[in-house]
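Undergrad: Shown below is the structure under consideration.
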Amino acid sequence: MKPAGMSRGDKFLLYVCLLILFIGFFILPFIPKIWFKIVGPQNKTLVGEGFLLKSSLPMPSDKFQGSIEIKTIQVGKYDSSADREIVILADNQCLIFDEKTHKLKKTIMFKKRMGIRPELIKIKKDGSLEIMRRGGGFGDIGLTGTDGEFIWKYKQVGTSPYMAAGDLDGDGHLEFYVADYDGVHRLDYSGREIWRTYDGVWEEHIQTCNVGGSKTSLIITSGNRGMIRIRNYSGKLIKEMTPKMEVYSFEVVKWPDNCHILTNDGNRIIVIDLDGKIILQYEYEKEWFTKISFLRSSFEIFDIRGVPVKLDAKEEPYLAVITDFRSYISRAMLNIFSPSGKLVYQELLNSTRAISAIDNPDGSQGLIVGDGPQNVWIYDKKK
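When we follow the numbering used here, the leftmost residue of the sequence shown carries the number 2, and every step to the right adds one.
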């Protein structure tokens with residue numbers, strides 16, 4: 002049916018506009034991804050070939066089909082009746098492996114998706130899970146059960162709060178700390194608010210760090226033009242600092258020692274201490290990704306994760322960093338820096354933000370890393 006009351010020229014302009022909208026919404030976003038697949042570098046080791054031994058965690062592919070992304074890898078003791086375990090959290094399920102044997106112990110399906118960055122808090126006696134939904138987007142945050150329903154949900158004030166957990170006062174019970182547009186809120190394990198700061202400062206991201214024992218832990222936040230704020234466990238402001246780069250999303254890493262802040266500035270990986278001093282700085286060369294300037298923004302770091310890992314029992318910890326690039330290209334980079342900060346290993350992987358360290362019998366540690374929706378690799382230093 003032809004549009005009524007329109008001249009041939011008007012109809013032509015209408016069709017051109019519709020075509021432009023179609024190209025803009027459905028074709029242009031995929032150009033970097035298509036280009037990358039055709040002529041871009043393939044997944045491979047770029048630096049340090051032969052430095053690590055690489056093996057795969059035996060994932061049950063028939064059970065893991067359909068997950069969009071491996072969200073989180075955790076290693077620890079989450080059940081009082083069990084040893085340390087490897088926990089793989091995806092949008093729709095949780096897989097639990099024995100840390101020593103790497104054998105699958107349990108698969109738990111979720112009835113609802115678990116958000117951007119779920120974190121297992123506890124395995125209850127009946128086998129059900131308690132999972133923290135940290136936020137980082139526009140979804141709700143709080144503590145959920147295996148069924149995906151909220152045990153309690155934070156009554157957010159702003160649009161994108163972020164939550165962290167830790168036993169900062171040393172009483173043996175986890176507390177939850179929320180960064181919101183009006184400051185920091187502390188909640189108890191049942192989600193009840195204990196205190197909040199009333200400084201009226203927007204806080205975007207929050208992490209906790211234990212610097213030496215009970216009641217010496219810190220709450221670290223970022224926001225408000227990239228400023229860093231450091232508070233003690235009771236919320237008292239200890240320090241404000243404005244680093245040379247604006248800091249928003251960040252990780253707290255105990256590397257080279259105590260609490261340091263891992264973040265990025267464009268395509269730079271940066272570690273700073275709690276005084277803002279740059280401890281490590283590494284920048285990707287944009288020309289390595291593409292010589293086409295208008296595509297370079299697709300290859301900038303979108304998110305960053307890091308963990309110290311003692312690859313050699315006789316050495317100080319290395320720092321392993323995953324940088325996830327923009328979703329268009331579905332790629333991430335694993336970087337490993339020596340105790341002195343030198344890049345010793347680099348590998349291009351499928352998109353992931355999942356990384357953790359696992360203990361070995363000889364006192365060293367291995368590294369466990371996601372690689373797209375179904376692959377999980379274990380890295381050990383070659384003897």
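Glycine included, C-beta positions come from ideal geometry on N, C-alpha and C.
Compare the C-beta of residue 170 with all C-beta atoms of chain C and state if any pair is closer than 8 Å.
TA: Among the protein chains of the structure shown there is no chain C, as only one such chain exists.
Undergrad: The beta strand (DSSP E) that contains residue 319, what's its start and end?
TA: 319-326
Undergrad: Any contact between the segment 237-251 and the segment 264-277? By contact I mean 3 or more CB pairs, one from each, below 8 Å.
TA: yes
Undergrad: Residues bridged to residue 256 by DSSP?
TA: According to DSSP, which records beta bridges pairwise, residue 256 is partnered with nothing at all.
Undergrad: Can you find the residues in the same chain that come closer than 6 Å, C-beta to C-beta, to residue 188, ignoring five residues on each side of it along the sequence?
TA: 177 and 194
Undergrad: Less than 8 Å between the CB atoms is what I'm expecting for residue 112 and residue 143, so what's the real figure, rounded?
TA: Contact flag wrong, Cβ pair sits at about 16 Å.
Undergrad: Taking the DSSP output, what are the residues bridged to residue 336?
TA: 322 and 347
Undergrad: Which class does residue 114 belong to by DSSP, given the choice of helix, strand or coil?
TA: Residue 114: coil per DSSP, three-state reduction.
Undergrad: Across which residues does DSSP place residue 134 in a beta bridge pair?
TA: 119 and 143
Undergrad: So which of 313, 304, 221 and 330 has the shortest CA-CA distance to residue 322?
TA: 304
Undergrad: Classify residue 312 as helix, strand or coil using the three-state DSSP reduction.
TA: coil
Undergrad: Taking the C-alpha atoms as reference points, what is the distance between residue 254 and residue 15?
TA: 55 Å
Undergrad: Just the C-alpha distance for residue 219 and residue 263, rounded to the nearest angstrom, thanks.
TA: 16 Å
Undergrad: Assuming contact is defined by CB atoms lying nearer than 8 Å, are residue 358 and residue 370 in contact in what I supplied?
TA: no
Undergrad: Would you mind working out which of 277, 91 and 86 sits nearest residue 102, comparing C-alpha positions?
TA: Nearest C-alpha to residue 102: 86.
Undergrad: For residue 330, verify whether its CB is less than 7 Å away from any heavy atom of the ligand FAD.
TA: With respect to small molecules bound, the structure shown includes none, and the ligand FAD cannot be examined in it.
Undergrad: Just how far apart, CA to CA, sit residue 383 and residue 205?
TA: 40 Å
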